[in-house]
């Protein structure tokens, strides 16, 4: 069961402390479950390994738990989480290779605006990830072969022993459903998260 | 509704076979016919592109990860917060917050300011947090307090780099002559002179409207256009070094020789003429920081079989 609480409803460190007051490990686990995938996506870009990214993100959450009082100084939990993940990932890569990578330096200049953009993109990725799993079986299989494996319709048809026209129909259905689900998700969120999703919508409009 | 799916499906066919010029043309035309069509295109494209990025998440098991974390958390101990320390901290925070509250009067008339540069570059912070870096011999006009309904500034002349503060409630517009750039929060470079407007996007997305009648172009990070004012013609360009005038860094990634020369020409402000009759296929990959033109030409000579002749007003590059 998921709370609807996301990084953006919990804005400051104090908000998060409110949520996990009196050592509520369950609440903190829920907070983790709502946010870890987005952060793993960020770490993965640097360490290029999902399982290491998972370790890094989990360690970061545990450190936050162990020094909860420091949250009082945190103005934006979102920015704090993203910057911590990036720093931890860079440290990991540097420790592994001991070479300074030019492109990693750019991460140190991440502004709050950059973070907001990355966060929204990653939220869309997680949303799509969940919605794709809900597609009807054959439709889902075709869609994944196309978008995750990069196959052309022709090759999907051969692989699944169906006609290319059937592949086209499944893709059409998938896009129709996903568009509906994403727009629906954007429109039915409560007022707190509406401001955030308004900008997600703008990603479509622009 | 039937019509919407038809257009969606044409778009999908186009994405599946991007090399099909007829489909590409069809999609480009249909997009222009209505706002609804453009919306369908953007939705379809966003889902098509973003879906591919979900692949990495499949290597993760959601339930196992949460269970795993819960287990680690169970064994973790919080550092004891001594109650006195807690109270002192809370008191300190309260004092700082109280001192921070103050009121400033609302302007009745919007005050407009002008910033102009001569030989030196300069930067301006707008009251929403947007940063504007002005090149030499440039001028912008901006309100002291940006309006609640929409943020608008004017690039009167020259070149400027904009790092726009993201505000989803108000779009940000830059007026350049008859043209307009519209964004929510991104960073981009505009170079405005008598004959053209050059726009290059560094992060985010922007919409460029040449004038009130022509259709707009949407640019994403890495893209650039050159809008010819007299011919009313828009051309797509390579925007990789659009902010070199600030960073003093030139980056070449898989760039063909003629494009490299175009970028060098723009940055060093010299005329470069290329006679590459052998059509050098090799792509150029290099980074230059604070380099002189001679240093770069030297590297080019090492990379390609060319002869470089420098005269007073132009550099000519020929095959050996």
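Residue numbers (my numbering), protein chains in the order written: chain L, 49 to 254; chain R, 237 to 556. The beta carbon of each residue, even a glycine, is placed where N, CA and C say it ideally should be. Bear in mind that the values here come from a model prediction, so they are computed numbers and not experimental data.
Verify the CB distance criterion: does residue 252 (chain L) have a CB-CB separation below 8 Å to chain R?
Residue numbering aside, residue 252 (chain L) sits at position 204 when the first chain is read from its first letter. For residue 252 (chain L), the predicted structure reports a pLDDT of 46, less than 50, and the residue's modelled location is therefore unreliable. A value from the coordinates is still provided. Yes, residue 252 (chain L) lies at the interface with chain R (some Cβ there is under 8 Å from its Cβ).
Give me, in chain order, the residues of the same chain whose beta-carbon lies closer than 7 Å to that of residue 281 (chain R); leave out the 5 immediate sequence neighbours on both sides.
For the purposes of this step, residue 281 (chain R) is taken as the residue at position 45 of the second chain. Counting only Cβ-Cβ distances below 7 Å, and skipping sequence neighbours, we find nothing.
Measure from the C-beta of residue 63 (chain L) to each C-beta in chain R and report whether the shortest distance is under 8 Å.
Residue numbering aside, residue 63 (chain L) sits at position 15 when the first chain is read from its first letter. So no, residue 63 (chain L) is outside the interface.
Quick one: give me the first and last residue of the alpha helix (DSSP H) that residue 264 (chain R) is part of.
Your numbering for residue 264 (chain R) matches position 28 in the second chain. Unbroken alpha helix (DSSP H) run through residue 264 (chain R): 257-269.
Look up residue 511 (chain R) in the DSSP assignment and give the residues it is bridged to.
As a working note, residue 511 (chain R) is residue 275 in the second chain. According to DSSP, which records beta bridges pairwise, residue 511 (chain R) is partnered with R:554.
Is there a Cβ from chain L that is less than 8 Å from the Cβ of residue 402 (chain R)?
Position 166 of the second chain holds residue 402 (chain R). For residue 402 (chain R), the answer is yes, since a Cβ of chain L falls inside 8 Å of its Cβ.
From which residue to which residue does the alpha helix (DSSP H) around residue 313 (chain R) run?
To locate residue 313 (chain R), count along the second chain from 1; it is residue 77. Segment: none, residue 313 (chain R) is in no alpha helix (DSSP H) and carries neither H nor E.
Three CB pairs or more closer than 8 Å across the stretch 256-274 of chain R and the stretch 203-218 of chain L:
no
For chain L, is any of its Cβ atoms less than 8 Å away from the one on residue 451 (chain R)?
Residue 451 (chain R) sits at position 215 when you count from the first residue of the second chain. Chain L, which has no Cβ nearer than 8 Å to the Cβ of residue 451 (chain R), makes this no.
Contact set between the stretch 521-536 of chain R and chain L, restricted to residues whose Cβ is under 7 Å from the partner:
none
Minimum Cβ-Cβ distance from residue 284 (chain R) to chain L less than 8 Å
One-based indexing of the second chain puts residue 284 (chain R) at position 48. Judged by the 8 Å Cβ criterion, residue 284 (chain R) is in contact with chain L.
Three-state secondary structure (DSSP) at residue 543 (chain R)?
As a working note, residue 543 (chain R) is residue 307 in the second chain. Residue state, collapsed to three classes: strand.
Answer yes or no: does any C-beta atom of chain R fall closer than 8 Å to that of residue 206 (chain L)?
Counting from 1 along the first chain, the entry for residue 206 (chain L) is found at position 158. So, not an interface residue.
Span of the alpha helix (DSSP H) around residue 93 (chain L)
Here residue 93 (chain L) corresponds to residue number 45 of the first chain, with the count starting at 1. That run of the alpha helix (DSSP H) goes 73-95.
When the cut-off is 8 Å and only beta carbons count, does residue 235 (chain L) lie next to chain R?
Looking up residue 235 (chain L) in the first chain gives position 187. By this cut-off, residue 235 (chain L) is not an interface position.
Give me the Cα-Cα distance between residue 234 (chain L) and residue 188 (chain L), rounded to the nearest whole angstrom.
Here residue 234 (chain L) refers to the residue found at position 186 when the first chain is read from its first residue. Here residue 188 (chain L) refers to the residue found at position 140 when the first chain is read from its first residue. Going from the Cα of residue 234 (chain L) to the Cα of residue 188 (chain L) covers about 22 Å.
Spatial neighbours of residue 127 (chain L) within its chain, please: C-beta separation below 6 Å, excluding the five flanking residues on both sides.
Within the first chain, residue 127 (chain L) is the residue found at index 79, counting from 1. Cβ neighbours of residue 127 (chain L) beyond the five flanking positions: 160 and 163.
Which of helix, strand or coil does DSSP assign to residue 337 (chain R)?
For the purposes of this step, residue 337 (chain R) is taken as residue 101 along the second chain, with counting starting at 1. Unreliable placement is indicated for residue 337 (chain R), whose pLDDT of 47 sits below 50; the coordinate value is still reported in the next sentence. Note: residue 337 (chain R) maps to coil in three-state DSSP.
Simplified DSSP state of residue 409 (chain R), which is helix, strand or coil:
To locate residue 409 (chain R), count along the second chain from 1; it is residue 173. Of the three classes helix, strand and coil, the one that applies to residue 409 (chain R) here is strand, per DSSP.
Through-space distance from residue 493 (chain R) to residue 519 (chain R), alpha-carbon basis:
By 1-based counting over the second chain, the position of residue 519 (chain R) is 283. By 1-based counting over the second chain, the position of residue 493 (chain R) is 257. Residue 519 (chain R) and residue 493 (chain R): Cα-Cα distance of roughly 7 Å.
Quick check on residue 108 (chain L): buried or exposed, where buried means 16 or more other Cβ atoms within 10 Å of its Cβ?
Taking the first residue of the first chain as position 1, residue 108 (chain L) is located at position 60. The residue is buried, with at least 16 neighbouring Cβ atoms inside 10 Å.
Counting only C-beta atoms, is residue 496 (chain R) closer than 8 Å to chain L at any point?
Residue numbering aside, residue 496 (chain R) sits at position 260 when the second chain is read from its first letter. Chain L, which has no Cβ nearer than 8 Å to the Cβ of residue 496 (chain R), makes this no.
What residues in its chain sit with their C-beta under 6 Å from that of residue 84 (chain L), if we drop five residues either side in the sequence?
Here residue 84 (chain L) refers to the residue found at position 36 of the first chain. Same-chain partners within the cutoff: 105.
Separation of residue 98 (chain L) from residue 142 (chain L), as counted between CA atoms
The residue you call residue 142 (chain L) lines up with position 94 of the first chain. The residue you call residue 98 (chain L) lines up with position 50 of the first chain. Distance between the alpha carbons of residue 142 (chain L) and residue 98 (chain L): 17 Å.
If you run the structure through DSSP and keep just helix, strand and coil, what is residue 460 (chain R)?
On the second chain, position 224 is the one that residue 460 (chain R) refers to. DSSP places residue 460 (chain R) in strand when its eight states are reduced to three.
For residue 189 (chain L), which three-state DSSP category applies?
Mapped onto the first chain, residue 189 (chain L) falls at position 141. The answer is helix: DSSP assigns residue 189 (chain L) an H, G or I state.
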